[in-house]
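Using numbering that gives the first Met the number 0, read the sequence shown as starting at 0 and increasing by one per residue. Beta carbons: idealized from backbone N, C-alpha and C, even for Gly. Single-structure report; data block below.
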Amino acid sequence: MARVIVVGAGVVGLSCTVRLLERGHDVAVLARDLPLETTSAVAAAIWYPYRALPQDRVTAWAGSSYAEFVGLAGEPDTGVRMVTGTEVFRQRQRDPWWRAAVPSLDRETALPGGYTDGWTFVTPVVEMPRYLRWLRSRVEELGGTVTRMNLSGLPPAGNGADVVVNCAGLGSRLMAGDRSVVPVRGQVVYVEQVGLDRWWLDSAGPTYVVPRAHDIVVGGTDDEGEWSRTPSPETARQILARATALVPELAKARVLRHKVGLRPVRPGVRVERVGDVVHCYGHGGAGVTLSWGTADEVAALVG
Ligand SMILES: Cc1cc2nc3c(=O)[nH]c(=O)nc-3n(C[C@H](O)[C@H](O)[C@H](O)COP(=O)(O)OP(=O)(O)OC[C@H]3O[C@@H](n4cnc5c(N)ncnc54)[C@H](O)[C@@H]3O)c2cc1C
Numbered sequence: 000m001a002r003v004i005v006v007g008a009g010v011v012g013l014s015c016t017v018r019l020l021e022r023g024h025d026v027a028v029l030a031r032d033l034p035l036e037t038t039s040a041v042a043a044a045i046w047y048p049y050r051a052l053p054q055d056r057v058t059a060w061a062g063s064s065y066a067e068f069v070g071l072a073g074e075p076d077t078g079v080r081m082v083t084g085t086e087v088f089r090q091r092q093r094d095p096w097w098r099a100a101v102p103s104l105d106r107e108t109a110l111p112g113g114y115t116d117g118w119t120f121v122t123p124v125v126e127m128p129r130y131l132r133w134l135r136s137r138v139e140e141l142g143g144t145v146t147r148m149n150l151s152g153l154p155p156a157g158n159g160a161d162v163v164v165n166c167a168g169l170g171s172r173l174m175a176g177d178r179s180v181v182p183v184r185g186q187v188v189y190v191e192q193v194g195l196d197r198w199w200l201d202s203a204g205p206t207y208v209v210p211r212a213h214d215i216v217v218g219g220t221d222d223e224g225e226w227s228r229t230p231s232p233e234t235a236r237q238i239l240a241r242a243t244a245l246v247p248e249l250a251k252a253r254v255l256r257h258k259v260g261l262r263p264v265r266p267g268v269r270v271e272r273v274g275d276v277v278h279c280y281g282h283g284g285a286g287v288t289l290s291w292g293t294a295d296e297v298a299a300l301v302g
């Protein structure tokens, strides 16, 4: 069994850590931001392969994660629920490229005004703060540790570890010297629950409305190359206007708070072993969606 250091405590790092611990490895997580401070904590988070490539690997990773989330939805502490919802389009669509990753997908005929096509499917909705707390407690229960540490580079394998797993997300610009991973800024507004029990998505905005137990996450934006993590009041107003046009019930929902996260987008998600380092980053807008699939591959690469 190997001694492994995982860099990063977002959904990707913690999921890899759980898989490695389950296989009997000795794992220590080092991270500048603890789980609830990461981009992962901002995710909406609906299972949906958004801004992540290549299509074949993403479909396989997303499919394995879907299956894992179905199991986790049976455990109330995880914060995972299976929720039905509809993605809408202004033009007629073919089946999505990731069709094989979901068990069923139905063409929707009851569409909001202005839309001509849509598909309805059941997908995992993950309440991130709760889920990240659960993942961290799973890591600790299996004997792993999570330590805050701001690193200026990947720790060298040899001394404290046999293998280093890089799950630094956007931090891989520094950790792996990889400038192809760029921020794609996403702003969301949390509003109070007004009895909504299904999600809605119009990728063209992107506009999404994701109901959770006690609130609703309303998005969004995808501004490439934008680093600001300060919510913009004007952007929030536009997000709410778009979302209310799609889901009119939101008109009466009180705004609770605003958040911004920087998605780690790369031309292709990187899951690759180079010597004693396994890289796992660049999950874009789908870190939650791909998390278990990429964790399984990392566990196989660690060996
Ligand atoms: C508004 C918004 C909505 C989203 N909605 C969804 C959704 O519905 N579904 C979905 O699947 N995905 C969604 N995403 C995308 C998802 O949040 C990301 O893909 C995911 O969080 C990436 O996870 P990660 O673990 O790779 O990175 P992060 O969560 O960013 O974690 C990176 C970790 O690396 C650490 N690190 C970085 N640099 C250093 C360093 N120098 N030293 C030590 N540690 C370091 C950080 O501190 C952190 O712990 C959304 C994102 C945003 C912003």
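query, result
"Rounded Cβ spacing between ARG272 and LEU289 (contact assumed at less than 8 angstroms)", "18 angstroms between Cβ atoms; not a contact."
"heavy atom of ligand 1 below 8 angstroms from VAL17 C-beta", "no"
"Of the residues ASP25, TYR207 and LEU169, the one placed nearest TRP46, counting alpha carbons only", "TYR207"
"Simplified DSSP assignment, three categories, for MET127", "helix"
"Span separating the alpha-carbon of VAL57 from that of LEU239", "30 angstroms"
"Beta-carbon proximity of PRO266 to LEU169, cut-off 9 angstroms", "no"
"Nearest-angstrom Cα separation, counted from LYS251 out to VAL28", "43 angstroms"
"Distance cut-off 8 angstroms: GLY286 Cβ against heavy atoms of ligand 1", "yes"
"DSSP three-state assignment for TRP199, whether helix, strand or coil", "strand"
"CB contact below 9 angstroms: VAL180 versus chain B", "Among the chains in the structure shown there is no chain B, since it carries only a single protein chain."
"Spatially closest choice to TYR114 from VAL138, LEU134, GLN92 and PRO232, by CA coordinates", "GLN92"
"ASP76 CB to nearest heavy atom of ligand 1 below 8 angstroms", "no"
"Pairwise C-alpha distance: ASN149 and ARG31", "4 angstroms"
"Alpha-carbon spacing of VAL180 relative to GLY281, whole angstroms", "6 angstroms"
"Selection from PHE120, MET0 and SER14 that minimises the alpha carbon distance to PRO102", "PHE120"
"Beta-carbon spacing of VAL3, GLY286 below 9 angstroms", "no"
"Selection from GLU74, LYS258 and ALA298 that minimises the alpha carbon distance to VAL276", "ALA298"
"Of the residues PRO182, VAL246, GLY260 and GLU296, the one placed nearest ARG269, counting alpha carbons only", "GLU296"
"GLU36, enclosing alpha helix (DSSP H) - first and last residue", "From DSSP, GLU36 is part of no alpha helix (DSSP H); its letter is neither H nor E."
"Proximity below 9 angstroms, CB of THR16 to CB of GLY176", "no"
"Terminal residues of the alpha helix (DSSP H) in which PRO205 lies", "Neither: PRO205 is in no alpha helix (DSSP H) and is coded neither H nor E."
"Spatial distance of GLU83 from GLY70 (CA atoms)", "Note that residue 83 is Thr in the sequence shown here, rather than Glu. Approximately 17 angstroms between the Cα atoms of the pair."
"Boundaries of the beta strand (DSSP E) in which CYS279 is found, first to last residue", "276-282"
"As assigned by DSSP and simplified to three states, the class of GLU86", "strand"
"Assigned secondary structure, GLN54 (DSSP; H/G/I helix, E/B strand, else coil)", "helix"
"Presumed contact (8 angstroms Cβ cut-off) between ARG211 and VAL124, rounded CB distance", "7 angstroms"
"Cβ neighbour criterion (16 or more within 10 Å) applied to THR77", "buried"
"Coarse secondary structure for VAL287, derived from DSSP in three states", "helix"
"Where LEU239 falls: helix, strand or coil (DSSP)", "helix"
"Heavy atom of ligand 1 within 8 angstroms of TRP46 beta-carbon", "yes"
"Chain-order list of residues whose beta-carbon lies under 6 angstroms from that of HIS257 (same chain, five-residue window excluded)", "VAL188, PRO230 and ALA235"
"Where TRP60 falls: helix, strand or coil (DSSP)", "helix"
"Of the residues LEU153, ASP55 and ARG197, the one placed nearest VAL216, counting alpha carbons only", "ARG197"
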